[in-house]
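The opening residue of the sequence shown carries number 1 in this note's numbering; numbering runs sequentially from there.
Yeah, the Cβ is synthetic: ideal placement off N, Cα and C, and Gly gets one too.
All figures in this text were calculated on a predicted structure; none of them were measured in a lab.
For reference, the structure discussed in these notes is given below.
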Amino acid sequence: MSSEPTVTYLELRESDADGAAAAGLSHTGKGLVLLHVQELAAAGEPRGAVTIVHDAGGHGGLFLAVGRRLAESGWAVALPDLRGHGRSEGPRGHTHGVQEVVRDLGDVQDHLAYRQPDAPKVLVGQGLGALWAVAYASERPDGVAALVLVAPLVDPRFDLPEPSGGLMKLFKKVGPETTGRIGWDPAQRATQAETRQLLAAEPAHDVITVRAGEEAAAAARALGPRLSQMEMPVLVLFGVDDPIAPASKARALSGPRVEVREFAGVHHDVFLDARASDVEEALVRWLDEKLPR
Numbered sequence: 001m002s003s004e005p006t007v008t009y010l011e012l013r014e015s016d017a018d019g020a021a022a023a024g025l026s027h028t029g030k031g032l033v034l035l036h037v038q039e040l041a042a043a044g045e046p047r048g049a050v051t052i053v054h055d056a057g058g059h060g061g062l063f064l065a066v067g068r069r070l071a072e073s074g075w076a077v078a079l080p081d082l083r084g085h086g087r088s089e090g091p092r093g094h095t096h097g098v099q100e101v102v103r104d105l106g107d108v109q110d111h112l113a114y115r116q117p118d119a120p121k122v123l124v125g126q127g128l129g130a131l132w133a134v135a136y137a138s139e140r141p142d143g144v145a146a147l148v149l150v151a152p153l154v155d156p157r158f159d160l161p162e163p164s165g166g167l168m169k170l171f172k173k174v175g176p177e178t179t180g181r182i183g184w185d186p187a188q189r190a191t192q193a194e195t196r197q198l199l200a201a202e203p204a205h206d207v208i209t210v211r212a213g214e215e216a217a218a219a220a221r222a223l224g225p226r227l228s229q230m231e232m233p234v235l236v237l238f239g240v241d242d243p244i245a246p247a248s249k250a251r252a253l254s255g256p257r258v259e260v261r262e263f264a265g266v267h268h269d270v271f272l273d274a275r276a277s278d279v280e281e282a283l284v285r286w287l288d289e290k291l292p293r
C-alpha cells in the first residue's frame, strides 16, 4: 500500500449569508466551490474511515503523519481543507457559518460512505476543528461512531477588527468578510524548533474573518451542552502546556462518555509536537478499544 495520499476535489454548493446552500446552480462551474481533500487508503481491508478537521488557518496536509499511522491500523483517512483554507476555494480564513461547515463535512462523509457504506465513521477535530466536529456530530449523530477532540478551542480568542466610532466609521467599514489575525505565535503551538519553522512558513495561516471568529465563539459556547448530549464515545487529547487551549478547560470536558488524555511538555499542535508518536498511539489504542475490528 502506498503511503502517499490521493487528492479529490469535491464540488460543493456555494453558501448564502447564513451558511445554507445557495440556489442557482448551472451546468457550468458557477455556484460551485471546490473542496480539496487528501485521502489515505487503509492497509488491508478497511475497518472504517477517519476524517480529520484542521484548526484555524490550517489545512489537512498538516495531519499526514497521524493519517499514515491510522492507515497502518486499517483506517481509511480523509484530510479536507475547509473552505478558505489550504487548496480549497473561498475567501481566506472565512466561513459563512457553522451550517456551512456542517454541510461540507457532511459531503466529505457522504463521499467516504459511498466507498464504505456500512463502516464506522470517526471524526477528529483539532483546535477550532474540534468545535466544528462537535457541531457536526450533534446535528448528524448517526454519521459519527466516535468523536476525538484535539486541543479543543474552548475559549477562542482572535485579533478581530472592531467597527470604528465617529467619523471613522464612514471610512472604515467592518463586515463579515473583513479579515483579522488568528494571532498565535508558532512558539505557542509547538515546543520544537523545526515544527515552529514549519508553522511559520504556512501560507495565510494567520487569517480569520469577523464572521468566522463570531461563529467560533458561538460554537465554543455550545460545546458543553452539545457534549452532554452525545451518545457516541468521545476522546479529548491535549497538551498540558498548551497556552492557546488551556489544559484546565480541556480537563473540565471529562464526563460519562468523554475521556481525556493529557501529554506533558506539549503545546497546542499535539500531532506535530515533541510527543506526536505518543499522541498517535493513544488515539489508535482508543479506537481499537471503542471500535474493534
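From the options, residue whose alpha carbon lies closest to that of residue i
i	options	result
residue 156	279, 243, 202	243
residue 255	267, 223, 14, 3	223
residue 189	4, 34, 13, 62	62
residue 86	110, 98, 116, 53	53
residue 129	144, 252, 160, 81	81
residue 56	66, 181, 225	181
residue 211	267, 47, 94	94
residue 4	41, 31, 33	41
residue 91	110, 15, 249	15
residue 209	39, 84, 66	84
residue 112	75, 101, 162	75
residue 220	261, 133, 293	133
residue 34	107, 186, 43, 45	107
residue 110	140, 131, 127	140
residue 131	218, 273, 22, 248	218
residue 58	179, 187, 269	269
residue 324	22, 292, 151, 17	Since the first residue of the chain shown is 1 and the last is 293, residue 324 is not available in this structure.
residue 228	273, 104, 21, 138	138
residue 32	21, 12, 17, 22	12
Simplified DSSP state of residue i, which is helix, strand or coil
i	result
residue 118	coil
residue 54	coil
residue 180	strand
residue 80	strand
residue 15	strand
residue 210	helix
residue 251	helix
residue 36	strand
residue 126	strand
residue 276	helix
residue 261	strand
residue 148	strand
residue 104	helix
residue 199	helix
residue 185	coil
residue 97	coil
residue 22	coil
residue 63	helix
residue 174	coil
residue 270	coil
residue 283	helix
residue 134	helix
residue 74	coil
residue 242	coil
residue 113	helix
Integer-rounded CB distance, given that residue j should sit under 8 angstroms from residue i
i	j	result
residue 10	residue 37	6 angstroms
residue 213	residue 271	Not quite, the Cβ-Cβ distance comes to about 24 angstroms (not below 8 angstroms), so this is no contact.
residue 98	residue 215	5 angstroms
residue 116	residue 48	7 angstroms
residue 19	residue 96	4 angstroms
residue 240	residue 263	6 angstroms
residue 154	residue 245	6 angstroms
Where residue i falls, given that 16 or more other Cβ within 10 Å makes a residue buried
i	result
residue 6	exposed
residue 136	buried
residue 73	buried
residue 121	buried
residue 28	Annotation note: pLDDT 46 at residue 28 (below 50); position unreliable, coordinate value reported separately. It counts as exposed.
residue 372	Only positions 1 to 293 of the chain appear in this structure, which leaves residue 372 out of reach.
residue 88	buried
residue 252	exposed
residue 285	exposed
residue 125	buried
residue 162	exposed
residue 71	buried
residue 193	exposed
residue 26	Per-residue confidence for residue 26 stands at a pLDDT of 43, beneath the threshold of 50, marking its modelled position as unreliable; no derived number is given.
residue 39	buried
Pairing CB atoms from the stretch 198–211 with CB atoms from the stretch 276–283, are three or more of them under 8 angstroms? Contact annotation: the stretch 198–211 does not touch the stretch 276–283, with fewer than three C-beta pairs closer than 8 angstroms.
With a cut-off of 8 angstroms, do at least 3 Cβ pairs link the stretch 108–128 to the stretch 141–150? yes
Could you check whether the stretch 231–239 touches the stretch 257–271, counting it as contact only if at least three pairs of C-beta atoms, one from each stretch, sit closer than 8 angstroms? yes
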